[in-house]
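Structure record follows, encoded as structure tokens.
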Amino acid sequence: MSGFLFVVPPLVGHINPTVGVGAELTARGHRVAWASADPGLVRRLAGDEAAVFPCAGPVLTGEDGVRPAELRGPEALKFLWERFLVPLAEAMAPGVRAAIGEFGPDVVVADQQAFAGGLVAERLRVPWATSSTTSAEFTFAEALAGMPKVADWLDTLLHELRGRIGDPSGTADPRFSPHLVLAFSTPELVGSGAGAGAGAGAGAQGEGELGSGAGDRIRWVGPSMAPRPAAADFPWTWLDPSRATVLVTLGTANTDVGARFLAECRDALRSRADRVQAVIVDPANVLGAQADLDDLNDKDDKDVLIRSSVPQLPLLERVDAVVCHAGHNTVCEALWHGVPLVVAPIRDDQPVVAGQVVDAGAGIRVRFGRVTAPKLGAAIDAVLHEPGYRAAAGRIRTAFRAAGGARAAATHLEELAGATPSKEAP
Numbered sequence: 017m018s019g020f021l022f023v024v025p026p027l028v029g030h031i032n033p034t035v036g037v038g039a040e041l042t043a044r045g046h047r048v049a050w051a052s053a054d055p056g057l058v059r060r061l062a063g064d065e066a067a068v069f070p071c072a073g074p075v076l077t078g079e080d081g082v083r084p085a086e087l088r089g090p091e092a093l094k095f096l097w098e099r100f101l102v103p104l105a106e107a108m109a110p111g112v113r114a115a116i117g118e119f120g121p122d123v124v125v126a127d128q129q130a131f132a133g134g135l136v137a138e139r140l141r142v143p144w145a146t147s148s149t150t151s152a153e154f155t156f157a158e159a160l161a162g163m164p165k166v167a168d169w170l171d172t173l174l175h176e177l178r179g180r181i182g183d184p185s186g187t188a189d190p191r192f193s194p195h196l197v198l199a200f201s202t203p204e205l206v207g208s209g210a211g212a213g214a215g216a217g218a219g220a221q222g223e224g225e226l227g228s229g230a231g232d233r234i235r236w237v238g239p240s241m242a243p244r245p246a247a248a249d250f251p252w253t254w255l256d257p258s259r260a261t262v263l264v265t266l267g268t269a270n271t272d273v274g275a276r277f278l279a280e281c282r283d284a285l286r287s288r289a290d291r292v293q294a295v296i297v298d299p300a301n302v303l304g305a306q307a308d309l310d311d312l313n314d315k316d317d318k319d320v321l322i323r324s325s326v327p328q329l330p331l332l333e334r335v336d337a338v339v340c341h342a343g344h345n346t347v348c349e350a351l352w353h354g355v356p357l358v359v360a361p362i363r364d365d366q367p368v369v370a371g372q373v374v375d376a377g378a379g380i381r382v383r384f385g386r387v388t389a390p391k392l393g394a395a396i397d398a399v400l401h402e403p404g405y406r407a408a409a410g411r412i413r414t415a416f417r418a419a420g421g422a423r424a425a426a427t428h429l430e431e432l433a434g435a436t437p438s439k440e441a442p
């Protein structure tokens, strides 16, 4: 029996993939725990019985932690690193050290954006793996070769961060473990060359192993899918089997900028009500009153269902297309089910993931800030009716399921721990 400590940021999309891996390791008889700045969120996703060690989060006051919606490109990157990623790492580090001391893991599994996991593990001489919940980081690392000023800036940030919370003599890039990188995707979506240069960016100069890239230690395991806690009641009988169903979602972190886009989606889909039904996820209620379940069968909209949350995985089994922000988890969950996409990236890794979808032939990209209902409607019509998109989504579905998901990830972690791989859970 070995112990595995997952270090995760307080972000749903970064916690969800670890839930399936943790469940698989537990089923094989290993000890599993999490370290997070939001223990309640981890338990909501992993179950009330999950062992979670609390960490502090960054102290943000006023508007310090609220990224202006208009930020793009280098300014958005600067904000992400200086206002969130680095403060998060510094705040989490004491809790991660305490968790390692109390739990005694054989392996730390550090999310790619929870730098405290890798840096503290390196300092304490504990083997660690990277949980790469978005493959966009590999592409970004390769792109740094053409952005020397950005690479130097990141070098400085990570060097100073290592001096404060890690081993000053260490050399590993905290985004790419020197031992094992678990990538929750496959080359069929990401592209066959992705990852070859990962790790060759920040901190690479003069630091030996980083310059050789992370490609030899990346393990493409595909999405880690696991049952989730039951969501609020969903009106399954509302779905009309005689019409195609389209799911529209912008994830959990984009409610501040989604009003115009969701309204355009609603208008595009309502104009196709003779052949399409729509489920729109609207957590911030920007589209107005939510449907009352008690009245749905009597008077409410039969064409567009607006809900604050949905049971996404079971719903994806019954939809024909997804319109989304190109968040890595939403894209992978849709393609796991062979569902083609219309992607409208907003920020962060989303443009990279959207490019992967388009290059793979599994969807169409539209401009989030400018697309109109007619253009959205044309894109939705294409992914619903042109067979190439569904065929490409089906190819990725096959690759995802063959990659092994949580089971494959658990086996790689067992090997890193030096444990004799246990019999896989049925």
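The numbering used here applies: residue 17 is where the sequence shown begins, and numbers increase by one. Think of the CB as a built atom: it goes at the ideal place given N, C-alpha and C, for glycine as much as any other residue. Computed from a predicted model, the values in this text were never measured in an experiment.
In this structure, the beta-carbon distance from Gly-182 to Asp-375 does not fall below 9 Å. Under the 10 Å beta carbon count, Glu-65 is surrounded by fewer than 16 other beta carbons and is classified as exposed. By the 16-neighbour rule on beta-carbons within 10 angstroms, Ala-350 is buried. In the structure shown, Thr-261 adopts extended strand secondary structure according to DSSP, grouped into three states. Closest in alpha carbon position to Leu-392, among Arg-180, Cys-281 and His-30, is Cys-281. In the three-state DSSP reduction, Leu-303 falls in the coil class, being neither helix nor strand.
A distance below 7 Å between beta-carbons, with the five flanking residues on each side excluded, links Leu-101 to the following residues of its chain, in chain order: Gln-129 and Phe-131.
Going by DSSP, Arg-417 is part of the alpha helix (DSSP H) stretching over 403-419. In this structure, Ser-201 is the residue among Ala-109, Ser-201, Ser-324 and Pro-74 with its C-alpha nearest to the C-alpha of Thr-346. Per DSSP, the unbroken beta strand (DSSP E) holding Val-24 starts and ends at 19-24. Straight-line spacing of the CA atoms in Leu-198 and Pro-33 works out to 10 Å.
For the set Gly-45, Gly-36 and Ile-31, the Cα lying nearest the Cα of Gly-56 is the one of Ile-31. Inclusion of Leu-400 and Val-262 in the CB contact set at 9 Å is warranted, their separation being smaller than that value. In the three-state reduction of the DSSP assignment, Cys-340 falls in the strand class, which pools E and B. The straight-line gap separating the alpha-carbon atoms of Asp-336 and Trp-97 is approximately 37 Å. In the displayed model, Ala-126 falls within a strand according to three-state DSSP. Taken in chain order, the complete beta strand (DSSP E) segments of 3 or more residues contained in the region 44-68 are 47-52.
When Cβ pairs closer than 8 Å are counted between the two stretches, the region 361-379 is seen to touch the region 133-152, the count reaching three or more. In the displayed model, Arg-141 falls within coil according to three-state DSSP, outside both helix and strand. Following the DSSP letters along the chain, one finds Trp-236 in no alpha helix (DSSP H) but inside the beta strand (DSSP E) bounded by residues 234-236. Residue nearest to Asp-298 within the set Pro-121, Pro-203, Glu-91 and Arg-276 is Arg-276 (criterion: CA-CA distance).
In the three-state reduction of the DSSP assignment, Ala-132 falls in the helix class, which pools H, G and I. Counted as a single uninterrupted DSSP element, the stretch harbouring Val-359 is not any alpha helix (DSSP H) but the beta strand (DSSP E) occupying residues 357-359.
When the Cα atoms are used, Ala-115 and Leu-329 turn out to be separated by approximately 32 Å. In the three-state DSSP reduction, Pro-243 falls in the coil class, being neither helix nor strand. In this structure, Ala-378 places its C-beta atom within 9 Å of the C-beta atom of Ala-409.
Contact annotation, Ala-107 with Ala-72: C-beta distance approximately 4 Å; criterion of less than 8 Å satisfied.
Here Arg-233 is buried: its Cβ has 16 or more other Cβ atoms, across all protein chains shown, within 10 Å. By a beta-carbon distance limit of 8 Å, Val-125 contacts Phe-20. Their separation comes to about 6 Å.
The alpha-carbon of His-344 is positioned some 14 Å away from that of Ile-412. Under the criterion of beta carbons closer than 8 Å, Val-24 and Trp-50 qualify as touching, at roughly 6 Å.
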